Each structure stands twice: as structure tokens, then as C-alpha cells.
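In my numbering, the protein residues as written are 6 to 132. The C-beta atom is built at its ideal place from N, Cα and C for all residues, glycine as well. This structure is a prediction, so every number in the text was calculated from the model and none was measured. Report on one structure; see the data block that follows.
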């Protein structure tokens with residue numbers, strides 16, 4: 006039975022980005038040897054989107070209170086590079102997960118299909 010997932014972020018300065026994830030994002034982790042840090046992630050979900058062009062992958066971190074989380078990240082020295090925008094599927098803000106990785110989304114999710122919170126208009130429950 007599948008019991009998890011492993012996400013790989015590619016970086017031009019892996020040591021600095023590992024320190025950022027450990028010290029700024031405060032993700033717990035273990036040293037797998039030689040400074041190779043592996044971090045525990047919060048619960049996750051996966052979606053597959055159609056594309057006409059070459060496949061691209063996105064990595065989103067989700068939080069319950071986007072404004073509070075952005076405040077915490079700013080207090081830790083993270084520069085937020087774009088304003089918060091309201092999307093049909095979620096409120097999101099683009100900011101770096103780590104300084105040398107591609108940018109990612111920090112999002113306050115709308116309810117997922119099995120969430121008990123109210124869904125926004127146009128979102129249908131599947132369970």
C-alpha cells in the first residue's frame with residue numbers, strides 16, 4: 006500500500022536551500038548522511054492538469070491563514086515577490102520556498118473534495 010510521497014526540489018545551492026527549509030520554514034528533518042537533509046512534509050494532495058505544451062510541475066505549500074503565514078515569513082526575512090491574488094480554486098501568493106529553487110505557491114486552500122468546510126461556488130463535493 007502506498008503510504009506517502011517524496012518531493013524533490015532541484016537547486017543551484019542545495020546547502021543554502023536546505024538551511025532555509027530547516028531554519029525559516031522550520032520543517033523537521035533528518036540528516037541522511039553528509040548533510041543531506043530530508044524533511045517531513047505536512048499532509049498533501051495531488052492533482053493532474055491537462056497541458057498542450059511540455060509538462061511542468063508545481064509545488065504548493067498550504068496554510069490555514071495566508072496573511073498570518075506571510076507575516077511570519079516576512080519576519081524571518083523572506084521577500085514576498087508578488088501580491089496575494091484570489092483565484093477561483095484558491096487564494097494564493099507566489100513566494101520562494103527556498104532562495105535558489107524555482108518559486109512556488111503559498112496558498113490558503115479552498116475545501117478539498119472531502120473537506121467539511123463550505124465549498125466556493127462551482128466546486129462540487131465528490132464524497
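CB of residue i within 8 angstroms of CB of residue j, strictly
{"i": "residue 65", "j": "residue 10", "result": "no"}
{"i": "residue 29", "j": "residue 87", "result": "no"}
{"i": "residue 34", "j": "residue 45", "result": "yes"}
{"i": "residue 85", "j": "residue 93", "result": "no"}
Residue interval of the beta strand (DSSP E) (run including residue i)
{"i": "residue 66", "result": "65 to 67"}
Helix, strand or coil at residue i [DSSP, three-state]
{"i": "residue 77", "result": "helix"}
{"i": "residue 14", "result": "coil"}
{"i": "residue 85", "result": "coil"}
{"i": "residue 93", "result": "coil"}
{"i": "residue 36", "result": "strand"}
Alpha carbon of residue i to alpha carbon of residue j, nearest angstrom
{"i": "residue 110", "j": "residue 97", "result": "6 angstroms"}
{"i": "residue 131", "j": "residue 26", "result": "Note that residue 131 scores 42 on pLDDT, short of 50, meaning its location in the model is unreliable and no value can be drawn from it."}
{"i": "residue 83", "j": "residue 67", "result": "16 angstroms"}
{"i": "residue 70", "j": "residue 76", "result": "10 angstroms"}
{"i": "residue 23", "j": "residue 31", "result": "11 angstroms"}
{"i": "residue 19", "j": "residue 43", "result": "12 angstroms"}
{"i": "residue 91", "j": "residue 49", "result": "21 angstroms"}
{"i": "residue 40", "j": "residue 73", "result": "31 angstroms"}
{"i": "residue 138", "j": "residue 6", "result": "Because the chain here runs from 6 to 132, residue 138 falls outside it and cannot be looked at."}
{"i": "residue 55", "j": "residue 63", "result": "13 angstroms"}
{"i": "residue 21", "j": "residue 13", "result": "15 angstroms"}
{"i": "residue 52", "j": "residue 58", "result": "17 angstroms"}
{"i": "residue 36", "j": "residue 100", "result": "26 angstroms"}
Opening and closing residue of the alpha helix (DSSP H) in which residue i lies
{"i": "residue 44", "result": "Where residue 44 is concerned, there is no enclosing alpha helix (DSSP H), although the beta strand (DSSP E) it sits in stretches over 42 to 44."}
{"i": "residue 28", "result": "19 to 28"}
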